[in-house]
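In what follows, a single structure is set out as structure tokens and then discussed.
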Amino acid sequence: MPSVASKQYSDDVSLLVLLLDTNPLFWSNTSITFSQFLSHVLAFLNAVLGLNQLNQVVVIATGYSSCDYIYDSSLTSNHGNFESRGTGMPPLFASLLKKLEDFVTKDEELSREEGHEDRTPSCLLSGSLSMALCYIQRVFRSGHIHPQPRILCLQGSPDGPEQYVAVMNSIFSAQRLMVPIDSCYIGVQNSAFLQQASYITGGVHHTPKQLDGLFQYLTTIFATDLHSRGFVQLPKPIGVDFRASCFCHKKTIDMGYICSVCLSIFCEHHKKCSTCGSVFGQSKLDEASSVSDKKRKAPHT
Amino acid sequence: MSNQRKRLTGEREDEDDEDAEGIGEWERAYVDDRSWEELQEDESGLLRPIDNSAIYHAQYRRRLRMLSAAAAGTRIQKGLIRYLYIVIDFSRAAAEMDFRPSRIAVMAKHVEAFIREFFDQNPLSQIGLVSIKNGVAHTLTDLGGSPETHIKALMGKLEALGDSSLQNALELVNEHLSQVPSYGHREVLILYSALCTCDPGDIMETIQKCKKSKLRCSVIGLSAEMFICKHLCQETGGLYSVAVDEVHLKDLLLEHAPPPPAIAEFAIANLIKMGFPQRAAEGSMAICSCHKEVKIGAGYMCPRCKARVCDLPTECTICGLTLVSSPHLARSYHHLFPIAPFDEVPAFSSLNDSRRTLGKSCFGCQQSLIGTGNKPGQCVTCRKCKHYFCLDCDIYIHESLHNCPGCESIHRPKSVSLMEE
């Protein structure tokens, strides 16, 4: 893996990768409509681009059945040919809105192809995080002079437990690349994934209480570039719960047993691991069984 | 000092002795690296441009193919809880200057990087350091899980003296590792610079003893290949390699960071009792059990004995319970659920329909995959989701990210469990 290039740009040039949640299952029952939400977000993106003329913004939509790039401010094709839609939206984002509309239609088609049973309400966070990290890695490769990247996750859907391993992989990769993952959670329950992501990578996590003022939360907390964060008081992480949950009952535990082969977590002593099938305490070689008894009695180093 | 240098590098010209002050960096490329030897000619005698990225990617693909040759489709059990001793040879051969500035400095620097990478990939494992000086093996640090202690001890005494003894080192390590719990995998990594070993007894007996106690020994040689090292590695199932220069040494060392395939009989599967401490409340004051100082606020409380510890993962000093947090366990999950390597797309395949729709740009980073002159450039494709990726994303995804963005962007219904991937 190529090492992180030294940041020789001026301090406050940033690349913001925004992961926008477009999950229709979430947006169908919220206090704020998607179009109102979008107007807050577009004003925020304009503000970020206005802070420094070298700032870049990339938007990736996180849908229910797919993820895709919606907008990249560094592409010159965005600046020409904006059809004014007469809706009062800034012409700079005409292509963003068009691509977003296409994406949502396609996402809906894809989700219609699956069955209507067992609809988990989560969005594909792991997919868009992986794409964002690939894009950031490409920016790092482009040379010594590049903006400082960070990821902002705007999400309302709850966590999907089937994505746990993939999300954790992305978080650790972001930690190695020193890319902070900020998260703004606008949903109802708490998102443990986003809290852990922001804590581990050194980003900011916030749950706005009043969605009418979303633009204010976004500009005062999430628009700050990485260099200025040393001088600004941002919400601190409080009580991120890192306890694990056992595989058998899914309840969070303080103390548990870990299988030494597959690292599955159990709350009580079992004879056999249900994940990898290894039998505990039994050696494969017969002569070694008496030796292993002695070894188990020896104290831990 | 300069006389010694002249003796070692007799053929070199006098300018070399000025080293950092006399020779500029640009001159070093001609004197040391001989960059003209990398040029290649094609059939008509014209110079071919050097395409570094393609060479790098080809090396990476070769490495990936070797690693996954046996594992195609199957999952190999890996030893995730490792107890590794690093044995560094500080005999007089380590003072040689063929690695700049000297073998010791290069070894110390790369071992430091290796220790950090090791704890990053194996958070539940422990490392110990042993040095060989004057024919005697000394324990620099005991088995522990904190990288800072090891690095500090290593950098403390960097001097080369006397002979090297492989047998003494193996005996010492064997003794230490016999006290380790039975579910852990015991390993030794020896960095050997000398060309001989002066042993007090029969080293073949020691090798048999290591084999019986299921100790996996690997050796990285810095000078030349030796029979005894090769024999040791073959008997115990380890890896033997010899470094040709500094970059190669770093690569060889880092190859030992990910967990090796486990030999099933070597470690007994067991349930290990572990605690998941919660963060202590903000503003609470307690005496921490690791530094014996009063600390305010940040820290963790052992769930069994309520002692305060500063960092995770660690073993509670009061009750001995291993304390970890769930991200530490999650760091090892990508070893358990590896992603399949991507398939190469033949370079000059025609732009068929699927390639035309999906293959215009890399799915991960949106880089254009069309090469010069509208011909399809080099790319790879995932077997499962059929998306196209550029070569750099391929390397990044397999070495650091461990998630395929295409496969993660497909909705999977709830009924598919994690284990069926």
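For the protein sequence lines, the chains are W and R, in the order given. When we follow numbering that gives the first Met the number 0, the leftmost residue of the first sequence carries the number 0, and every step to the right adds one. When we follow numbering that gives the first Met the number 0, the leftmost residue of the second sequence carries the number 0, and every step to the right adds one. Glycine included, each C-beta is placed from N, C-alpha and C at the ideal position.
Asked	Found
Close-in-space but distant-in-sequence residues of the same chain around Glu116/R (CB under 7 Å, 5 per side omitted)	Leu253 and Ala256
Identity of the residues DSSP links to Ile87/R by a beta bridge	Ser130/R and Leu190/R
Contact set for His327/R: own chain, Cβ-Cβ below 6 Å, skip 5 residues either direction	Pro122 and Pro312
Interface residues of the stretch 310–344 of chain R facing chain W [CB-CB below 7 Å]	Gly319, Ser324, Ser325, Pro326, Leu328, Ala329, Arg330, Ser331, Tyr332, His333, Leu335 and Phe336
Where the beta strand (DSSP E) through Gly255/W begins and ends	Met254 to Cys258
Beta-carbon neighbours of Gly280/W, restricted to chain R and to distances below 7 Å	Ile267 and Asn269
Proximity test, Cβ basis, 7 Å: Ala42/W and chain R	no
4 or more residues per run - each alpha helix (DSSP H) lying fully within the stretch 94–170 of chain R	102–120 and 146–155
At least three beta-carbon pairs within less than 8 Å, the stretch 239–247 of chain R to the stretch 223–241 of chain W	no
CA-to-CA distance, Ser90/R to Val218/R, given in whole angstroms	16 Å
Inter-residue Cα distance where the pair is Cys261/W and Cys275/W	6 Å
Inter-residue CB distance, Cys406/R and Lys383/R (contact presumed, cutoff 8 Å)	5 Å
Cβ pair Gly159/W, Thr119/W closer than 7 Å	yes
C-alpha distance - Thr223/W paired with Cys133/W, whole-angstrom precision	23 Å
Contact set for Ala94/R: own chain, Cβ-Cβ below 8 Å, skip 5 residues either direction	Ser101, Arg102, Ile103 and Ala159
Buried versus exposed call for Gly274/R [16 or more other C-beta atoms within 10 Å across all chains shown]	buried
Short Cβ contact (7 Å threshold) for His149/R with Thr138/R	no
Neighbour flag for Phe241/W against chain R, beta carbons, 7 Å	yes
Which of helix, strand or coil DSSP assigns to Tyr82/R	strand
Cβ of Cys392/R within 7 Å of any chain W Cβ	yes
Beta-carbon neighbours of Arg303/R, restricted to chain W and to distances below 9 Å	Asp253 and Met254
CA-to-CA distance, Ser163/R to Ala132/R, given in whole angstroms	Correcting the residue type first, residue 132/R is Lys in the shown sequence and not Ala. C-alpha separation (whole angstroms): 6 Å.
Thr321/R (DSSP reduced to helix, strand or coil)	strand
Whole-angstrom distance between Ser172/W and Lys229/R, CA atom to CA atom	36 Å
Ser34/W in three-state terms, based on DSSP	helix
Min CB distance Gly155/W to chain R below 7 Å	no
Residue closest to Leu423/R, alpha-carbon to alpha-carbon, out of Ala168/R, Gln178/R and Ala268/R	Since the displayed chain R opens at 0 and closes at 420, residue 423/R lies outside it and no answer follows.
Contact set between Val56/W and chain R, taken where Cβ atoms lie within less than 7 Å	Simply none; closest approach about 14 Å.
Sequence-distant residues of the same chain with beta carbon closer than 6 Å to Gly363/R, five excluded per side	Phe388, Cys392 and Pro404
Cross-chain neighbours of Arg111/W in chain R, by beta carbon under 7 Å	Residues of chain R passing the Cβ test: none, with the nearest at roughly 12 Å.
Residue of Leu124/W, Asn22/W, Leu95/W and Ser65/W minimising C-alpha distance to Ser72/W	Leu95/W
Helix, strand or coil at Ser244/W [DSSP, three-state]	strand
Among Leu46/R, Tyr239/R and Leu79/R, nearest to Ala329/R - alpha-carbon criterion	Leu79/R
Residue of Cys301/R, Asn269/R, Ser43/R and Ala223/R minimising C-alpha distance to Val241/R	Ala223/R
Under 7 Å from the C-beta of Cys152/W: neighbouring residues of chain R	Near Cys152/W there are no residues of chain R at all, since even the closest Cβ is about 15 Å away, more than 7 Å.
C-beta atoms of His109/R and Ser64/W nearer than 7 Å	no
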